[in-house]
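A short worksheet on the structure shown next.
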């Protein structure tokens with residue numbers, strides 16, 4: 109049974125048994141959604157080092173055009189200007205790129 113069909117059946121019948129069945133399926137759906145999302149985030153996090161392109165495609169999905177953060181938090185520190193944010197990123201990603209190409 110699909111959640112949608114069970115909900116429709118309950119709406120038509122207004123029967124408590126139909127509601128209970130719908131409610132059980134809805135609860136299972138919510139749990140499954142949370143599990144799947146958690147698995148997706150874990151996979152994405154693991155791909156950060158194995159496949160950085162996958163991670164950045166994930167970031168781009170949630171990014172609106174030309175958004176620039178004015179304040180960032182990392183390791184219980186606040187970075188509130190362009191220079192400090194840039195330094196924080198440079199430090200964080202220092203193991204991934206060679207600075208000789210950038211300076």
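Residue numbers (the numbering used here): 109 to 211.
All C-beta atoms, glycine included, are put in the ideal place defined by N, C-alpha and C.
Rounded straight-line distance, which links the Cα of residue j to that of residue i
i: residue 112; j: residue 146; result: 24 Å
i: residue 154; j: residue 128; result: 39 Å
i: residue 150; j: residue 138; result: 18 Å
Per-residue burial, residue i [other beta carbons within 10 Å of its own, 16 or more giving buried]
i: residue 201; result: exposed
i: residue 140; result: exposed
Chain-order list of residues whose beta-carbon lies under 7 Å from that of residue i (same chain, five-residue window excluded)
i: residue 115; result: 130
i: residue 117; result: 126
Ignoring anything shorter than 3 residues, give me the beta strand (DSSP E) runs that lie fully in the segment 176-202, in order along the chain. 180-182, 185-187
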